[in-house]
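Numbering (full-length UniProt numbering), first residue to last: 1 to 658.
Even for Gly, the Cβ is constructed at its ideal location relative to N, Cα and C.
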């Protein structure tokens with residue numbers, strides 16, 4: 001801040017000293033783009049003093065130098081508020097995609113206004129013309145203009161932008177999902193229609209996730225034959241040991257599997273943003289919101305599921321503490337990269353370190369499970385559950401005949417480190433019969449159980465639900481039975497289907513944001529987070545009902561949250577930063593770093609409150625789930641309150657209200 005500007009602010013009219021801000025620009029300021037006189041009038045009308053806009057009037061002045069814009073006012077107001085108003089001005093005047101307001105380098109009352117450069121050399125780019133309409137956040141139009149990058153900020157381009165805005169100056173959102181004729185419908189009806197399609201996608205996501213879990217369970221149950229010589233009898237003993245370690249499978253497969261809808265959505269969002277210097281906010285918003293949904297509503301449901309007086313606790317508290325540590329560190333690390341290390345910028349090394357920490361989590365958890373000295377906690381482990389994941393989680397469940405038969409080996413052959421099962425795999429004819437039955441079941445609207453119902457309303461409701469799920473059931477019938485190749489074929493095809501649905505969800509989010517004016521980040525950490533985490537909620541609820549411990553229900557949550565950060569955010573960042581480094585020799589910019597950092601702080605604070613209650617229940621009641629009904633319901637209400645606090649505060653911050 002220049003001393004002359006500050007003195008002018010204090011000396012004007014003999015009034016008390018006000019405030020002066022300096023906007024440093026990376027290129028010479030062109031009046032046709034910034035319209036300094038228009039910006040001054042805009043600020044005079046919008047700056048609030050004592051809650052009243054326009055009170056300052058002509059006392060707000062904006063002056064322009066070569067690479068600097070100085071804003072001076074008689075009354076003090078925050079730099080953050082000026083930054084917010086400047087962003088609104090850029091959106092209103094159709095230059096939001098070319099000019100970016102970013103945080104200062106910790107210099108008081110100074111922030112930067114950067115021009116959006118795609119490359120240093122001259123090249124032709126295709127740009128979407130945007131304008132602010134009727135309170136909506138941003139409207140993207142199909143009309144496109146070609147601009148020369150090095151000549152982007154000049155008088156002629158300013159005239160072209162204004163002309164393009166007039167040419168396509170309609171108030172309806174021009175984005176559409178399938179047909180251009182959708183744009184002729186009203187925005188309200190379109191918003192309702194797209195939300196219904198989004199909900200239908202979540203139904204399909206839940207159905208394919210059920211198949212994904214079954215295939216994943218079959219992968220984990222894969223055993224290998226080990227022959228050993230008994231030192232006492234000197235005879236050969238045949239053992240069947242699981243290929244996967246329990247803890248490694250819990251992190252690498254179960255946690256990754258439950259988080260894969262969010263991870264695929266974030267990765268697709270990153271791929272769509274390739275070639276842009278700014279990262280998309282849809283993926284990180286969904287992952288942070290999903291972490292909050294997993295931690296608060298799922299705990300709120302699971303804590304009241306056990307019967308009155310029944311207690312269920314985490315069996316291996318040592319592994320849970322390790323996963324909890326890495327979960328908390330994940331969000332601390334994310335905040336450090338966004339606000340401390342390189343503010344608002346993600347470098348290639350930061351993205352790479354984020355991904356590599358997932359490997360450290362796996363190694364540390366395995367060391368704790370194997371009780372390695374010096375790196376593990378000396379905490380005893382209680383009995384683990386026999387089944388690894390719940391049997392059913394999807395509303396559109398296929399009632400196929402299961403061909404899994406398990407035969408326990410003699411007790412002398414059991415080993416603590418792995419369960420042994422002998423699995424009878426169906427022959428080829430039976431496998432094709434199962435696959436054929438999947439298509440038959442897809443079109444079967446009434447089962448034998450439904451026909452026995454005397455309640456007509458309930459029977460019609462089940463019939464309607466089967467009809468609603470029929471398209472998804474037919475589509476997912478192409479996924480082969482999970483008994484083939486130990487479940488790997490079904491596992492991979494399920495991932496492909498989940499990725500396809502995630503792509504449709506990203507397109508829907510763009511259109512919903514365009515039609516309703518809701519910030520995509522708000523949609524991401526509310527609707528998308530809840531929809532993609534719904535299978536997790538159902539799986540945890542069923543596990544809390546059927547399992548003797550709380551491991552499958554809630555112990556996996558902290559691990560899933562770690563996977564959300566290290567893989568769900570780390571991999572998309574790595575893709576974008578690597579592309580920017582190779583093509584542009586520049587890092588990745590985070591446009592909504594302020595809102596994301598605030599959400600992280602709120603989530604961290606509320607998660608401490610949630611974990612503290614779980615630890616308190618473990619110390620007093622001896623278990624995390626169940627107990628006296630009054631205390632269980634009070635705990636559930638407390639967890640839901642924490643989730644509401646997170647959602648409300650994050651939404652208010654993104655909207656610029658706090």
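Beta-carbon within less than 6 Å of residue i's beta-carbon, same chain only, minus the 5 sequence neighbours each way: which residues are those?
i	result
residue 209	535
residue 482	214, 215, 218, 490
residue 249	220
residue 702	Because residue 702 is not part of the residues shown, which for the chain are 1 to 658, the question remains open.
residue 205	261, 501
residue 297	643
residue 573	346, 351
residue 324	558
residue 658	652
residue 530	293
By Cβ distance, which residues of its chain are closer than 8 Å to residue i, with the 5 residues on each side in sequence left out?
i	result
residue 77	19, 47, 48, 49
residue 512	191, 194, 195, 198, 518, 523
Below 8 Å between beta carbons: does that hold for residue i and residue j?
i	j	result
residue 642	residue 595	no
residue 230	residue 238	no
residue 180	residue 639	no
residue 498	residue 261	yes
residue 476	residue 211	yes
residue 207	residue 472	yes
residue 301	residue 633	no
residue 357	residue 322	no
residue 42	residue 89	yes
residue 625	residue 544	yes
residue 292	residue 646	yes
residue 276	residue 623	no
Roughly how many whole angstroms lie between the Cα atoms of residue i and residue j?
i	j	result
residue 331	residue 444	46 Å
residue 466	residue 201	15 Å
residue 515	residue 290	24 Å
residue 307	residue 552	17 Å
residue 438	residue 86	57 Å
residue 588	residue 59	39 Å
residue 506	residue 265	7 Å
residue 70	residue 22	5 Å
residue 287	residue 327	13 Å
residue 295	residue 577	30 Å
residue 259	residue 222	22 Å
residue 431	residue 653	54 Å
residue 317	residue 649	32 Å
residue 559	residue 319	10 Å
residue 234	residue 240	19 Å
residue 36	residue 279	29 Å
residue 182	residue 189	10 Å
residue 440	residue 480	14 Å
residue 563	residue 177	31 Å
residue 185	residue 355	44 Å
residue 550	residue 556	9 Å
residue 68	residue 359	46 Å
Quick check on the DSSP output: the beta strand (DSSP E) that includes residue i runs from which residue to which?
i	result
residue 63	61–64
residue 679	No answer is possible for residue 679: the residues shown for the chain start at 1 and end at 658.
I'd like to confirm the pairing. Which residues does DSSP put opposite residue i in its beta bridges?
i	result
residue 241	224
residue 70	22, 63
residue 346	588
residue 637	In the DSSP output, where bridge partners are listed per residue, residue 637 has none listed.
residue 625	312
residue 278	589
residue 548	Bridge partners of residue 548: none, in fact.
residue 236	229
residue 53	48
Please go through the same chain and pick out, in chain order, the residues whose beta-carbon is closer than 7 Å to the beta-carbon of residue i, but skip the five residues on each side of it.
i	result
residue 644	none
For the alpha helix (DSSP H) holding residue i, just list the boundary residues, first then last.
i	result
residue 482	It is not in any alpha helix (DSSP H) - residue 482 carries neither H nor E in the DSSP assignment.
residue 332	317–335
residue 579	570–583
residue 270	256–272
residue 299	297–302
residue 521	520–523
residue 472	456–476
residue 557	556–563
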